[in-house]
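Single-structure report; data block below.
2 protein chains.
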Amino acid sequence: MSLDETEALHRLVAARSGYLATAGSDGRPHIVPLVFAVDDRTIVSMVDAKPKRSTDLRRVRNIRDNPSVSVLADHYEPDWSRLWWVRADGTAHILDSGFEQVAGLLRAKYPQYVDIDLVGPAIIIDIERVAGWASSTR
Amino acid sequence: MSLDETEALHRLVAARSGYLATAGSDGRPHIVPLVFAVDDRTIVSMVDAKPKRSTDLRRVRNIRDNPSVSVLADHYEPDWSRLWWVRADGTAHILDSGFEQVAGLLRAKYPQYVDIDLVGPAIIIDIERVAGWASSTR
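Those sequence lines, one after another, are chains B and Y. Going by our numbering, the residue at position 128 of the first sequence is 137; the numbering climbs one at a time, nothing skipped. Going by our numbering, the residue at position 52 of the second sequence is 61; the numbering climbs one at a time, nothing skipped.
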């Protein structure tokens, strides 16, 4: 059943990881795992120093070309009566500098960032719509 | 570090759940959780009778408008030295009927489908590229 927006946003705030979908100017969708923090109606994330396949990140290029993004967080387990997901659709922009506040939000949520540099850029997503679903309300 | 294509495809085949990104003709990306099976270089999934927020599914509409899709499966845990993800980019089409073989693949993978009708349509994704990343090779 549908989750109301307050409950969906609550679950998004609490989620430890999620997924970011972007689309290039060519219309091809792209999806990556995302660690993020939520500040009011804004999702923030940063490129960090975890090893990457490439430093020319398609998520960043896509957002510069097309700011529409979708972020999902979910719970999966073999008992399908306990599934849920929440999705935030919004508009993103890239911060190439001046992301100390964003880094602070991420470090406050993720103790793992004590040992990993937040090199940037930052991805800032203004949430326009939050929706969610749960297979039950338990 | 990057996973080679064979290893990435192996992890995709074994994954119990994943995420499907599509983009509409308006360029807006969309993302949903996905249960799927992999048959050679094809990912198959079906709309099932689990309760949905809507029967007019945007994933299906988007694929009819724009067949480019991206599928991700990953492993997240608080120990970031053990993260990994795999992503398959490809071209999808919708099967509105004649999906008995697809249903069989899904029922063979997911015992949960014994009790849930696979009502269709089916989503068939021809994999064009598989990539992956792991924070370590353990």
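Heads up, the beta-carbon is just placed ideally off N, CA and C, and yes, glycines get one too.
Collapsed DSSP secondary structure at residue i in the structure displayed
i	result
residue 85 of chain B	coil
residue 4 of chain Y	Residue 4 of chain Y lies beyond the stretch modelled for chain Y, which goes from 10 to 147, so this question has no answer here.
residue 129 of chain Y	coil
residue 50 of chain B	coil
residue 119 of chain B	coil
residue 79 of chain Y	strand
residue 107 of chain B	coil
residue 168 of chain Y	Residue 168 of chain Y cannot be examined here, being either before or after the span of chain Y that is shown, 10 to 147.
residue 141 of chain B	strand
residue 112 of chain Y	helix
residue 30 of chain B	strand
Rounded straight-line distance, which links the Cα of residue j to that of residue i
i	j	result
residue 114 of chain B	residue 124 of chain B	15 Å
residue 92 of chain B	residue 56 of chain Y	16 Å
residue 122 of chain Y	residue 18 of chain Y	24 Å
residue 120 of chain Y	residue 22 of chain B	32 Å
residue 151 of chain B	residue 111 of chain Y	A query on residue 151 of chain B cannot be resolved here, the shown segment of chain B reaching from 10 to 147 and no further.
residue 100 of chain B	residue 13 of chain B	21 Å
residue 11 of chain Y	residue 60 of chain B	9 Å
residue 73 of chain B	residue 71 of chain Y	22 Å
residue 90 of chain B	residue 42 of chain Y	15 Å
residue 20 of chain B	residue 20 of chain Y	28 Å
residue 6 of chain Y	residue 85 of chain B	Nothing in the structure corresponds to residue 6 of chain Y, since chain Y is present only between 10 and 147.
residue 102 of chain B	residue 116 of chain Y	42 Å
residue 106 of chain B	residue 88 of chain B	44 Å
Terminal residues of the alpha helix (DSSP H) in which residue i lies
i	result
residue 69 of chain Y	67 to 74
Where the beta strand (DSSP E) through residue i begins and ends
i	result
residue 99 of chain Y	93 to 104
residue 41 of chain B	38 to 43
Note to self: Which residues of the segment 69 to 88 of chain Y have a Cβ closer than 8 Å to any Cβ of chain B? Give them in chain order.
What the structure shows: 75, 77, 78, 79, 80, 81, 83, 85, 87
Check: Touching or not, the segment 37 to 56 of chain B and the segment 71 to 89 of chain Y, by the rule of three or more beta carbon pairs under 8 Å?
Finding: yes
Margin query: I'd like to know if the segment 128 to 140 of chain Y and the segment 135 to 145 of chain B are in contact, where contact means that at least 3 CB-CB pairs between them fall below 8 Å.
Written below: no
Check: Should the segment 82 to 101 of chain B be called in touch with the segment 16 to 28 of chain B, which here means at least 3 C-beta pairs below 8 Å?
Finding: yes
Next item on the list: For the segment 38 to 68 of chain B, enumerate the residues whose C-beta is nearer than 8 Å to any C-beta of chain Y, in chain order.
Entry: 38, 39, 40, 41, 42, 59, 60, 61, 62
Next item on the list: Mind checking the segment 97 to 123 of chain Y against chain B and listing, in chain order, the residues whose C-beta falls within less than 9 Å of any C-beta there?
Entry: 98, 119, 120, 121
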